[in-house]
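Here the sequence shown is numbered in full-length UniProt numbering, starting from 1 and rising by one per residue. Note that CB positions come from ideal geometry on N, CA and C, so glycine has one too. In what follows, a structure is listed as structure tokens, so that the remarks can point back to it.
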Amino acid sequence: MATKVTEASDSLAIYKAKRDFARTAEPAGASKATTGNGFVVQKHAASRLHYDFRLELDGVLLSWAVTRGPSANPDDKRLAVRTEDHPLDYARFEGTIPKGAYGGGTVMLWDNGTWESIAGKDPRQTLPEGHLHFVLHGRRMQGEWILFRLKPRGKEKGENWLLRKVSDEFAGGSDDLVGGFLTSVDSERTMDEIAAGKAVVKKAVAAAKNAKAGGAKPKKSAKGGTLPPFQPVQLAALVDHVPPGDRWLHELKYDGYRTLLAVGGGEGRAYTRSGLDWSDRFAGLVADAAGLDVESALIDGEAVVMLPDGRTSFQSLQAALKSNPGAIDYFAFDLLELNGEDLTQLPLTERKEKLAALIGAGQGHLRYSDHIIGRGEELFTRFCGAGLEGVISKRVDGRYIGARSGGWVKTKCIRRQEFVVVGWLPSDKQRGFRSLLLGVNEDGKLRFAGKVGTGFNGDEIERLMGLMAPLEQDKPTVEAPRAAVRGAHWITPKLVAEVAFIEFTDEGVLRHSSYLGLREDKKPEAVVLEVAGPAAEAEHSGVKISNRERVIFPEGSLSKGQLADYYETVAPIMLPWAGSRPISLVRCPQGRDKKCFFQKHDAGSFGDDVKHVAIREKDGHDEPYLFVDTPAGLLTCVQMGTIEFHGWGARIEDVEKADRLVFDLDPDEGLAFEDVKASAFQLRDVLGGMGLVTFPMVTGGKGVHVIAPLTPTAEWPQVKDFAQRFAAALAQAEPDRYTAALAKAKRTGRIFIDYLRNQRGATAVMPYSARSRPFAPVAVPVTWEELRDLDSPARWHIGDGAEMVKRAASKDLANWGRADQVLPDL
């Protein structure tokens, strides 16, 4: 053993000679006699950003500098330059090395754990031969890996190696590791927070403590995965009857809150259908989900309260949220991700099989939502007879599409939907109200929809009065027959109520209505009238495209029909991004080389498939902004001459809160695309240092969008301020390369960092949108690895629709544009 100590001490001579320990806080490197098997990876922002990969062997840390960081993609071979051995103490080092000192810069403890060599591959023999074959048990790097040495070229003195992932269950995309993990496994700080010396205020999870180099091997359990981010949910179209045949499976339509449960790394989240974090309200469900025997999962289902007769009750759920959260159950009906694997491209029946195995007989308050295949009409009759809400029907072979798709349809036993509360009629008694006045968005403004005067108890009347009184206003909220609203108290339309009813009168007013409760997960702007369509047409856009042969792209003689076919093909992958958000259309009815114009409002000429959301302008009046949420909506816009789709950075559920940051890199004429790409990577690294995961999209025009998805919590003034100050700081730091000035004259030879996409009312081109440019290019999400090798931002065009769908389902792009993060301080 003494020999090993001496050898370790000798191997650290270079390490010690390179450092002045009076200046640096790095450990001086006491030798230790050990046969431990720890490993550590440290993210190191020195003269160039790299990742130091270190394996413990014979009392020291063998070290390699991996210039672009480890990749989970077995096709990638990452350059790893062998550096001096480091002492074991270094496995716990995180901080800043002084500028001018060797390796000066910020060091983050990015990953750690244990390693073991493959059987029959003794590292003491294979290392001198130039290869190491091993398995990692880390917080982030896991599974089988290989390091092998390259033959030296010319007068090279150092050792260049390659690090490669072996194909196994832990393999993934090129950007999954370095692009998805931006904080320390020990302190949970970002690179910027470490550089600024921010105190460690967060507690590292127990698994991280157990995974330090030389520590115990971490258990592969529910605590070992990564928390999946929110994804847009699939929505059901209302139809007039249950679709027949064995292509459909049928489930009970629950009367509760649609909820996504995300678990991973020992943590959990509960998201509403619009992405709001309701983990505190559903804390019991989150705890049950976190206890599942799984590394990570993203589950779709409904939070409900069960009545003794087996029915679910929205009113009871409302009461439970206030006073008895332990009464809330959860029926899981779909599984989007399992142990890091995207399942959305699998047939529904396969997803449900995995879900049933995961939930089993139940986990606390979690239940599996069963189904039958075929016999839907019979099930609907039985459900309606039992007083249940209705049936959800789903294509058995359908993929999960985060939008309203004909692959899911709903048939209701009782008519019910959300309405905006626009006022109240006072009670004959001293306090309270006689009925609520209701409205619904139609053609961009609120229309009077009648009133509801039953379904309230005394406590609910008192609660509603407390909410409505501060919103009271003198001006009528809607136009209504005077006799129907005599004595009305009007309010600012901020509240949404769920109401059951028998029918509408010819005047569009409710008959025999009953109040069910307030909907806190929906915003007034998103409340539109649901109209049942024919079940037979639900799966198809059903939009007839006229003048299909009309050439709208002279270059290549590309026609309106070809453009429509492209949008029909990509609708399932485009709608999760472009759907249910205010949009502006670029319409070119006579072709892209003729007169084109933007359109964001509509007076009703688009028909029912293109919808409206009322958004209040600065002067206080409402305007009808366009949005689509179905393939028919997309195709209707194309029929009306639309080529491009641009969208707000917020969804219609809450237009005041941003769900993404977009930085558009717009180069001056003459700048090469290589300059734009280099700038995109710089923005990725700077934003990454602040803890923001970003994704690139080539625009089909001149530049690249660097996109940071956000959990919608920050409002527009805060988002705009962050984006403006970020762009200004970058332009100030490198004035010869960047400008944040809008004026064309100030862009000469530089790249304009267009931060103006990040303000209320601004739009950016949507993923998969065609562009009104020669040869019909399209805006395409790409990985950072792909961007590195692209030679044009207009690589794909409308003839590549099938490739777009295939790409979107690939492992590298399955989680593109998704991250659980909020706007950082700047």
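(request) Give the C-beta separation of G143 and F170 to the nearest angstrom, bearing in mind that I take them to be a contact with Cβ-Cβ under 8 Å. (result) Position 143 of the sequence shown, counted from the first residue, corresponds to residue 143. Position 170 of the sequence shown, counted from the first residue, corresponds to residue 170. The Cβ separation is near 3 Å, so the contact holds.
(request) Inspect the CB distances between the stretch 400-412 and the stretch 428-445 and report whether three or more fall short of 8 Å. (result) Too few Cβ pairs lie closer than 8 Å, so no.
(message) Per the DSSP calculation, A46 is bridged to which residue(s)?
(response) Locating residue 46 in the sequence shown gives position 46, counting from the first residue. A46 is not bridged to any residue.
(message) For H137 and A290, what's the separation of their Cα atoms in angstroms?
(response) Locating residue 137 in the sequence shown gives position 137, counting from the first residue. Locating residue 290 in the sequence shown gives position 290, counting from the first residue. Rounded to the nearest angstrom, the two C-alpha atoms are 21 Å apart.
(request) State whether the stretch 667-677 contacts the stretch 698-707, with contact taken as three or more CB pairs (one from each stretch) at a distance under 8 Å. (result) yes
(request) Starting from V134, follow its DSSP beta bridges and name the residues at the other end. (result) Along the sequence shown, one-based indexing puts residue 134 at 134. This sequence places Phe at residue 134; Val is not what is there. For F134, the beta-bridge partners assigned by DSSP are S117 and W145.
(message) Assuming the contact rule is C-beta atoms closer than 8 Å, A65 and D52 should be a hit. Round their C-beta distance to whole Å, please.
(response) Taking the first residue of the sequence shown as position 1, residue 65 is located at position 65. Taking the first residue of the sequence shown as position 1, residue 52 is located at position 52. Contact flag correct, Cβ pair sits at about 6 Å.
(message) Restricting to Cα atoms, I'd like to know which of V391, Q639 and F627 is closest to P582.
(response) On the sequence shown, position 582 is the one that residue 582 refers to. Closest by alpha carbon: F627.
(request) Kindly indicate which three-state DSSP category D246 falls into: helix, strand or coil? (result) Start at 1 with the first residue of the sequence shown, and residue 246 comes out as number 246. Reduced to three states, the DSSP call for D246 is coil.
(message) Going by the DSSP bridge assignment, what does Y51 pair with across the sheet?
(response) Residue numbering aside, residue 51 sits at position 51 when the sequence shown is read from its first letter. Note: Y51 sits in a beta bridge opposite K43 and V66.
(request) State yes or no: is the C-beta of H371 within less than 8 Å of the C-beta of H512? (result) Against the sequence shown, residue 371 aligns to sequence position 371. Against the sequence shown, residue 512 aligns to sequence position 512. No, they are not a contact pair.
(request) Using the Cα positions of E549 and P347, report the straight-line distance between them to the nearest angstrom. (result) As a working mapping, residue 549 is identified with position 549 in the sequence shown. As a working mapping, residue 347 is identified with position 347 in the sequence shown. Roughly 35 Å separates the two Cα atoms.
(message) Taking the alpha carbon of N457 as the reference point, which residue from G517, A361 and L162 has its own alpha carbon closest?
(response) Residue numbering aside, residue 457 sits at position 457 when the sequence shown is read from its first letter. When each option's Cα is compared against that of N457, the closest is G517.
(request) Compare the C-alpha of A678 against each of L127, D789 and G649 and name the closest. (result) Indexing the sequence shown from 1 puts residue 678 at position 678. Residue D789 is the option with its Cα nearest to A678.
(request) Identify the continuous beta strand (DSSP E) that holds R747 and give its terminal residues. (result) Locating residue 747 in the sequence shown gives position 747, counting from the first residue. First-last for R747: undefined, no H or E at that position.
(message) Tell me which residues share the same chain as Q724 and place their Cβ nearer than 6 Å to its Cβ, disregarding the 5 neighbours each side in the sequence.
(response) In the sequence shown, the residue the question calls residue 724 occupies position 724. Excluding sequence neighbours, Q724 sits near Y755.
(request) Could you tell me how far apart the beta carbons of E525 and I615 are, in whole angstroms, since I believe they sit closer than 8 Å? (result) For this step, residue 525 is matched to residue 525 along the sequence shown. For this step, residue 615 is matched to residue 615 along the sequence shown. So it is a contact: roughly 6 Å between Cβ atoms.
(request) Starting from L448, follow the beta strand (DSSP E) in both directions and report where the run begins and ends. (result) Residue numbering aside, residue 448 sits at position 448 when the sequence shown is read from its first letter. Reading off the sequence, residue 448 comes out as Phe, not Leu. From DSSP, the beta strand (DSSP E) with F448 extends over K445 to V452.
(message) Using only the alpha-carbon positions, how far apart do Y102 and A13 sit?
(response) Start at 1 with the first residue of the sequence shown, and residue 102 comes out as number 102. Start at 1 with the first residue of the sequence shown, and residue 13 comes out as number 13. The alpha-carbon atoms of Y102 and A13 are separated by roughly 15 Å.
(message) Counting C-beta neighbours from all protein chains within 10 Å, is the total for K212 16 or more, i.e. buried, or is it exposed?
(response) Translated into the one-based positions of the sequence shown, residue 212 becomes position 212. Bear in mind that the predicted position of K212 carries a pLDDT of just 30, short of 50, making it unreliable; the figure below should be weighed with that in mind. Buried is the call here.
(message) DSSP three-state label for E84, please.
(response) The residue given as residue 84 occupies position 84 in the sequence shown. Correct three-state label for E84: strand.
(message) Relative to the C-alpha of P554, which candidate in G620, K522 and G591 has its C-alpha closest?
(response) As a position in the sequence shown, residue 554 is number 554, starting the count at 1. Comparing Cα-Cα distances from P554 to each of G620, K522 and G591, the minimum goes to G591.
(request) Go ahead and pull the three-state DSSP assignment for P582. (result) For the purposes of this step, residue 582 is taken as the residue at position 582 of the sequence shown. P582 falls in the coil class under three-state DSSP.
(request) For V420, name the three-state secondary structure that DSSP assigns. (result) Within the sequence shown, residue 420 is the residue found at index 420, counting from 1. Three-state DSSP puts V420 in a strand.
(request) Identify whether W161 lies in helix, strand or coil by the three-state DSSP scheme. (result) Looking up residue 161 in the sequence shown gives position 161. Strand, per DSSP.
(request) Note down, in chain order, each residue of its chain lying with its Cβ closer than 8 Å to the Cβ of T739, except the 5 sequence neighbours on either side. (result) By 1-based counting over the sequence shown, the position of residue 739 is 739. The residues are A731, K746, R747, R750, I751, F752 and I753.
(message) Closer than 8 Å is the cut-off here; do at least three beta carbon pairs connect the stretch 797-810 with the stretch 560-571?
(response) yes
(request) Determine contact between the stretch 270-283 and the stretch 351-360, defined as no fewer than three beta-carbon pairs at a distance below 8 Å. (result) no
(request) Leaving aside the five residues before and after N160 along the sequence, list all residues of the same chain whose C-beta is less than 8 Å from its C-beta, in chain order. (result) Here residue 160 is taken as the residue at index 160 of the sequence shown, counted from 1. Within the same chain, N160 has close Cβ partners L79, A80, V81, R82, R149, L150 and P152.
(request) Please name the residue in R258, A483, A500 and E507 whose C-alpha comes closest to that of Q417. (result) As a working mapping, residue 417 is identified with position 417 in the sequence shown. Taking only the C-alpha atoms, the option nearest Q417 is A500.
(message) For Q821 and V242, what's the separation of their Cα atoms in angstroms?
(response) Sequence index remark: in the sequence shown, residue 821 carries index 821 (1-based). Sequence index remark: in the sequence shown, residue 242 carries index 242 (1-based). Those two C-alpha atoms are separated by around 40 Å.
(message) Quick check on the burial criterion: 16 or more other C-beta atoms within 10 angstroms. Buried or exposed for N112?
(response) As a position in the sequence shown, residue 112 is number 112, starting the count at 1. Burial call: buried.
(message) Quick check on the DSSP output: what are the complete alpha helix (DSSP H) runs of length 4 or more inside the stretch 300-364, in order along the chain?
(response) 314-323 and 348-359, all fully within the stretch 300-364.
(message) Spatial neighbours of D192 within its chain, please: C-beta separation below 6 Å, excluding the five flanking residues on both sides.
(response) Mapped onto the sequence shown, residue 192 falls at position 192. G689 and M690, listed in sequence order.
(message) For R375 and D240, I'd like the C-alpha separation in whole angstroms.
(response) Your numbering for residue 375 matches position 375 in the sequence shown. Your numbering for residue 240 matches position 240 in the sequence shown. Whole-angstrom Cα-Cα distance: 16 Å.
(message) Between which two residues does the alpha helix (DSSP H) holding A195 run?
(response) As a working mapping, residue 195 is identified with position 195 in the sequence shown. Its alpha helix (DSSP H) spans residues M191 to A195.
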